[in-house]
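Just below is one structure, and these are the notes that go with it.
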Amino acid sequence: MKKFEVYKNIRKRAVIFGLPISLFALMMISVIASLLVIIFSFGFAIILGVLVFNGMLYIGLTKFANNPQLLQFFKVFPNSISNKKSSAISYEED
């Protein structure tokens with residue numbers, strides 16, 4: 023009889039509609055806020071604007087989920103790594 027291991031890290035790569043759980047939650051918050059805007063304002067232009075905004079947000083979030091380096095503006099590691107203690111005291115003479 024086969025034995026199967028329990029896969030405990032299933033939430034790390036779980037996706038819903040192509041988005042990770044955190045980005046999907048952000049999308050759902052946007053959808054709920056958009057529904058509130060639609061309910062309390064009856065303008066046709068606002069309804070179209072909300073639909074376009076949600077569509078663009080979904081496209082942007084899927085692109086970000088596929089390539090997370092898009093929002094990385096600075097280097098992760100410094101140019102040099104040292105074990106020297108950092109101190110504000112200057113030992114050099116002026």
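When you line the sequence shown up against my numbering, it's residues 23 to 116, in that order. Don't be surprised by glycine CBs; every beta carbon is placed ideally from N, CA and C. The structure displayed is predicted, hence computed values, not measured ones.
- Only exposed fits residue 73, as fewer than 16 other CB atoms lie within 10 angstroms of its CB.
- Counting along the chain, residue 59 sits inside the alpha helix (DSSP H) bounded by residues 43-62.
- A Cβ-Cβ contact shorter than 7 Å links residue 45 with residue 87.
- C-alpha of residue 42 to C-alpha of residue 75: approximately 20 Å in a straight line.
- The secondary-structure analysis by DSSP pairs residue 38 across a beta bridge with 41.
- Closest option to residue 50, judged by alpha-carbon separation, among 67, 79, 28, 66: 79.
- For residue 81, the three-state secondary structure derived from DSSP is helix.
- Here the C-alpha atom of residue 106 lies approximately 43 Å from the C-alpha atom of residue 47.
- With fewer than 16 other CB atoms across the displayed protein chains lying within 10 angstroms of its CB, residue 57 is exposed.
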